[in-house]
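According to the working numbering, the stretch in the sequence shown is residues 906 to 1269, in order.
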Amino acid sequence: AVQYDYDGAIELLKSQPDYESNTDMQSAVSDYENTKATCTEYPLEQITHVFFHTLIKDTARAFDGDSDSNGYNQYMTTIDEFNKIIQSMYDKGYVMVSPHDMAVINEDGTMSRGSIMLPPGKIPFVLSQDDVSYYNYMTGDGFASKIVIGEDSMPTCEYINPDGSISYGDYDLVPILERFINEHPDFSYKGARAILALTGYDGVLGYRTCPSGDGYNEADIEKAKAVAERMKECGWVFASHSWGHQKYGKIDYQHMASDVEKWHNEVESIIGDTDVMIYANGDDIAGVENYSGEKYNLLKSYGFNYFCNVDSSRYWVQLKDGYLRQGRRNLDGYRMYYNPDMLSDLFDVSTVWDQERPTPVPQI
């Protein structure tokens, strides 16, 4: 699958030793050249960014009426809903792109517009998932427990069944999306995957890597590193979601600086360098005005260039010399229940809604 990288595919075919005599290859090249000629540059300012939290695998366990049920109903999406959402988006022509293709970093550290070239009818979007940590508080509530690398060397999820036995499979966004792209390569632009936003206070990816956290296990650090390394090879991008799920816009500079340092020491040391900041609670360090000042300088000094807040409008993109900022839309129980019309460009809520979800979804 070329995944919209026509130049790469053409170059690969032409470099084959038997290209001159192979009519199949020659006709494939001319097909790619024809399709490439139909591509137009998509306006970056109109690229939507949608996000999810951990997906609910077992609605009976998630919505069992305990103190966390309401929050799951508001902020989470079920696996069944997620499958229908991505199928709908695929059917409508959506193609997942990376922010790193929207804006490129120059050698002097400034940023320039990238160019996303797509055939007619294709619509780029960015996808992210928050809190990919499998927090302790979610244990027993019908969610995956960690990401592992399966026997096929692809990321999959561990799930602890009610009887304590363990299953491995497509129990959260990462393996589900990996399989979907495998079946529909044209859902991904040049191999793009989702961005996974990580906190650090309760570990990462289901591994208890935080020295001050519950169940800390030093051996988990090496395990998490190996999983993260393989995921990056597959195209997944990691982002900071702050170490302690902090509101960077609200807290003072000193608190923010110590949180950023903790994230750098405890999380970036596991997942490697990242330049994407996905604000916890969507709490941006500035309004719509351009970034400046000490909080921005702090984040830049740690290497962040791409910044995402939460904005319910269809798209909000700000590209400046030093950064790309993008608003994100939550596709969760709350938004589907109260504002289905705001999602109609992506899917029809009435066909996606999981009937196991209790209603009304509680007000926030």
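All C-beta atoms, glycine included, are put in the ideal place defined by N, C-alpha and C.
The shortest CA-to-CA distance from residue 1060 to any of 1113, 1116, 1078 and 1238 is the one to 1078. If you draw a straight line from the Cα of residue 1206 to the Cα of residue 1177, it comes to about 16 Å.
Going by DSSP, residue 1063 is part of no alpha helix (DSSP H) but of the beta strand (DSSP E) stretching over 1060–1065. For residue 950, the three-state secondary structure derived from DSSP is helix. For the region 915–986, the continuous beta strand (DSSP E) assignments of 3+ residues that do not extend past its boundaries occur at 953–957, in sequence order. Contact between residue 1232 and residue 954 is confirmed by a C-beta separation of about 7 Å, below the 8 Å threshold.
Residue nearest to residue 941 within the set 927, 969 and 910 is 910 (criterion: CA-CA distance). Per DSSP, the continuous alpha helix (DSSP H) segment holding residue 1137 begins and ends at 1123–1138.
Counting along the chain, residue 1255 sits inside the alpha helix (DSSP H) bounded by residues 1254–1257.
It is roughly 7 Å from the alpha-carbon of residue 1119 to the alpha-carbon of residue 1113.
Apart from the 5 residues on each side of it in sequence, residue 1219 sits with its Cβ closer than 6 Å to the Cβ of 953 in its chain, given in chain order. With at least 16 other beta carbons inside 10 angstroms of its own, residue 1083 counts as buried. If the five residues before and after residue 987 are omitted, its C-beta is found closer than 6 Å to the C-beta atoms of 960, all from its own chain and listed in chain order. Taking C-beta separations shorter than 8 Å and ignoring five residues to either side along the sequence, the partners of residue 1180 in its chain run 1010, 1208, 1209, 1210 and 1211, following chain order. Residue 1157 is classed as exposed because its beta carbon has fewer than 16 other beta carbons within 10 Å across all chains shown. Secondary structure at residue 1095: coil, using DSSP grouped into helix, strand and coil.
Bounds of any alpha helix (DSSP H) do not take in residue 1267, whose DSSP letter is neither H nor E.
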